[in-house]
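> Residue numbers (my numbering), protein chains in the order written: chain L, -12 to 356; chain C, 78 to 385. Glycine included, each C-beta is placed from N, C-alpha and C at the ideal position. My questions all concern the structure below.
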């Protein structure tokens, strides 16, 4: 088609001119510093997933000789390829952090093949041997922090009923629900977690309705796994329930109701990555870790958390820090009575079986489908 | 009640509470659209107006500390968007549906752009009136914490019903909607009537938006509306351009939105996607039951571009 050919030619001319401009204009300035690009799927001040990454980017910005470029609300489509191309060609970025799960395959893999000299660090993807060597994937075992939240929640609940507002029943979410529940039952063996799935990552009205329904059922401590926990935190606090946060520290939103929370610790990891790259070290292509590796962290405890709860939670946290604690160990029964981890089997942090989780453990009220 | 739990009674209570909490934006947008469509024009842009209203209400409430100023700002923003729609549609051979879609995209885009710095701060919220003081059941008391905007919306519906039938303004709007020629023959400017009707419609839709950001769910973020404005416009057709039916339809939609989470909370977990889709299934079912190939929709203004 004529139209297609013309527009493509114009596009090439345009991008060539832009690339030329950037080489001539910015090169001298860029030579002294490394440019790092961050790409977010949503708004970077959402009190949630994207804000956690943006805080990591802010920590990178403080390093000397580093320039940071950011773009938010980039869809998990061709749009991310265009963003990467413009960060590389116009801003001279040499290290890129596309932070959303759906960016990885095919987009990041394709771009890494196209720019073999640049580094791509992707959050959440599963890097395999077939993927380009200059691409890597990193992720955190935030279920460890959820487990600590669960312990605190188990001590703090009066009704023994906990609530979990979740987006979709995918393995990562189920793992968080299960870890939270197992933690809570460590503190209070009779505790149950009622889960409500809203169906998508950002559904404020549904999340508010779910929060109200849970509280109507007698739930007095809530947590969530959605993109923006703000709605759940504010609505639960208004009804007088307590909350455990997720993604980032939401205590400024509800200081009197905030017990603790499971947070990402990207502001520790990202500067580390950038220093490794600038020092010429290689980052492992498949990078994972939890509390010990400082990829996730636990929010400071709220005032109302009892001394007993603090002590128990701190003890378990210390065991995580020394790497001698396993959350998912047999015998473990799901909420339909089926044995999911046999007696004597330990499924440690890095066990790939856990990344395929499709069950809810005993004590969770709810179903995956 | 020993353990403060109501068991299965939560479901009807949640549907009742949801009807009050969730229905207000539907109610305001559909009443506003009802006025606009009765004058012979469709404003599909009310989704954009709703989101703009939510954003400006939150912003003004945050800056001034007064949520009521926020509500007013949302109304004015909505009226301006209405004026823009009506202004463009006054030009010859402009399609109101196309303009509406453009304004919907403009409104949501502009609101996301201007609302960026507003996602993080917490603005002053609208107060609720406690109608549940007589009850000992905390769940019922929570459901009966009602916002004034809901009550205003409920009062506007019969008022509009009466105004369409018995007032001179109501007659003029209906005339412009049924036969533009007749309105012109009476010596009235059809464009002016439609301009005013669209502005009032936009004003109400903006206020509907302020409810979202200032009362329930009660904060500004980009997923706040998730299509409620569009649903409300469809609601008007569903309600046959009758303000009282708009009220009942909005309540039904609010209640249906609460159904999915409520059923899950009592342990009925299978097919929650289906329950979450309840409002849309309800719309489809009623549309199918009431449609007929032999006649146009009853109650549809004759000048509307979809019926003409």
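Which residue spans inside the segment 208 to 284 of chain C form an unbroken alpha helix (DSSP H) run of at least 4?
Within the segment 208 to 284 of chain C, the complete alpha helix (DSSP H) runs of at least 4 residues are 215 to 220, 225 to 243, 245 to 255 and 257 to 262.
> Ignoring anything shorter than 4 residues, give me the alpha helix (DSSP H) runs that lie fully in the segment 288 to 341 of chain C, in order along the chain.
Runs of the alpha helix (DSSP H) inside the segment 288 to 341 of chain C: 305 to 315.
> Quick one: complete beta strand (DSSP E) runs, 3+ long, within the segment 56 to 103 of chain L?
With a minimum length of 3 residues, the continuous beta strand (DSSP E) runs that stay inside the segment 56 to 103 of chain L are 80 to 85.
> Can you list, in chain order, the residues of its chain whose CB lies under 6 Å from that of residue 305 of chain C, leaving out five sequence neighbours each side?
Around residue 305 of chain C: 102.
> Give the residues from the segment 324 to 336 of chain C that approach chain L closer than 7 Å (Cβ to any Cβ), ordered along the chain.
Against chain L - using a Cβ distance shorter than 7 Å - the residues of the segment 324 to 336 of chain C are 334 and 335.
> Residues of chain C with CB closer than 8 Å to the CB of residue 34 of chain L, please, in chain order.
What residue 34 of chain L touches in chain C: 196 and 197.
> By a C-beta neighbour count over all protein chains shown, 10 Å radius and 16 as the cutoff for buried, is residue 337 of chain L buried or exposed?
Result: exposed.
> Just how far apart, CA to CA, sit residue 291 of chain L and residue 97 of chain L?
Cα to Cα, the separation comes out at about 50 Å.
> Starting from residue 243 of chain L, follow the alpha helix (DSSP H) in both directions and report where the run begins and ends.
Where residue 243 of chain L is concerned, there is no enclosing alpha helix (DSSP H), given that its DSSP letter is neither H nor E.
> How is residue 261 of chain L classed by DSSP in three states: helix, strand or coil?
Three-state DSSP puts residue 261 of chain L in a helix.
> Return the chain-ordered list of same chain residues with a C-beta closer than 7 Å to the C-beta of residue 13 of chain L, the five sequence neighbours on each side being excluded.
With a pLDDT of only 43 at residue 13 of chain L, under the threshold of 50, the placement of this residue in the model should not be trusted; the figure read from the coordinates follows. So the list reads 79, once near-sequence residues are dropped.
> If the cut is a Cβ gap below 7 Å, which residues of chain C does residue 221 of chain L touch?
Within chain C, the residues near residue 221 of chain L are 295 and 296.
> Can you list, in chain order, the residues of the segment 224 to 245 of chain L whose Cβ is nearer than 9 Å to any Cβ on chain C?
For the segment 224 to 245 of chain L, which is checked against every Cβ of chain C, the residues closer than 9 Å are 225, 226, 227, 239 and 240.
> To the nearest angstrom, report how far apart residue 35 of chain L and residue 215 of chain L are at their CA atoms.
Their backbone Cα atoms lie some 5 Å apart in a straight line.
> Please report the straight-line C-alpha distance between residue 160 of chain C and residue 90 of chain C, rounded to a whole angstrom.
Going by the C-alpha atoms only, they are around 41 Å apart.
> Given residue 38 of chain C, which residues of its chain have a CB within under 6 Å of its CB, disregarding the five upstream and five downstream residues?
Any question about residue 38 of chain C goes unanswered here, given that chain C covers just 78 to 385.
> Report yes or no: is there a C-beta of chain L within less than 7 Å of the C-beta of residue 291 of chain C?
Answer no: the Cβ-Cβ gap between residue 291 of chain C and chain L never drops below 7 Å.
> Per DSSP, what kind of secondary structure is residue 360 of chain L in: helix, strand or coil?
Nothing can be reported for residue 360 of chain L: it is not among the residues displayed for chain L, which extend from -12 to 356.
> Over the uninterrupted alpha helix (DSSP H) stretch that includes residue 280 of chain L, give me the two end residues.
Residue 280 of chain L -> no alpha helix (DSSP H), and no H or E assigned at all.
> Using the beta-carbon of each residue, which ones in chain L are nearer than 8 Å to residue 35 of chain C?
Outside the modelled stretch of chain C, which goes from 78 to 385, sits residue 35 of chain C, for which no answer is possible.
> Can you tell me whether residue 331 of chain L sits near the ligand ADP, meaning its C-beta is under 6 Å from at least one heavy atom of the ligand?
For the ligand ADP, the structure offers nothing, since it holds no ligand at all.
> For the segment 94 to 114 of chain C, which residues have a CB atom closer than 8 Å to at least one CB atom of chain L, in sequence order?
Listed in sequence order: 94, 95, 98 and 99.
> Using a cut-off of 7 Å between C-beta atoms, extract the partners of residue 339 of chain C located in chain L.
Residues of chain L passing the Cβ test: 200.
> Could you give the DSSP three-state label for residue 337 of chain L: helix, strand or coil?
If DSSP states are grouped into helix, strand and coil, residue 337 of chain L belongs with coil.
> Just tell me which of C/322, C/375 and C/362 has its CA closest to the CA of residue 238 of chain C.
Nearest C-alpha to residue 238 of chain C: C/322.
> Tell me which residues of the segment 175 to 200 of chain L have at least one Cβ-Cβ distance to chain C shorter than 9 Å, keeping chain order.
Correct list: 181, 182, 183, 184, 185, 186, 187, 188, 189, 190, 191, 192, 193, 194, 195, 196, 197, 198, 199 and 200.
> Thinking just about the alpha-carbon of each residue, which of C/92, C/86, C/85 and C/110 is nearest to the one in residue 281 of chain C?
For residue 281 of chain C, the nearest C-alpha among the options comes from C/110.
> Compute the beta-carbon to beta-carbon distance between residue 30 of chain L and residue 193 of chain C, rounded to the nearest angstrom, for a pair I have assumed lies under 8 Å.
Rounded, the Cβ-Cβ distance is 7 Å, consistent with contact.
> Give a yes or no on whether 7 Å exceeds the smallest Cβ distance from residue 184 of chain C to chain L.
No, its Cβ sits nowhere closer than 7 Å to a Cβ of chain L.
> Counting along the chain, where does the beta strand (DSSP E) carrying residue 122 of chain L start and finish?
Where residue 122 of chain L is concerned, the enclosing beta strand (DSSP E) stretches over 122 to 127.
> Per the DSSP calculation, residue 193 of chain C is bridged to which residue(s)?
Answer by DSSP bridge pairing: none, since residue 193 of chain C is not bridged.
> Residue 418 of chain L: which of L/189, L/87, L/25 and L/355 sits nearest, CA to CA?
Chain L is shown only over -12 to 356; residue 418 of chain L falls outside these bounds and no answer can be derived.
> Answer yes or no: does any C-beta atom of chain C fall closer than 7 Å to that of residue 353 of chain L?
Judged by the 7 Å Cβ criterion, residue 353 of chain L is in contact with chain C.
> Can the beta-carbon of residue 88 of chain L be found closer than 7 Å to that of residue 111 of chain L?
Contact flag set, yes.
> Go through its chain and collect everything with a Cβ distance to residue 320 of chain L's Cβ below 8 Å, but skip five positions before and after it.
The residues are 326, 327, 348 and 349.
> Can you check which of these residues, L/296, L/235 and L/228, is closest to residue 243 of chain L by C-alpha distance?
Of the listed residues, the one whose Cα sits closest to residue 243 of chain L is L/228.
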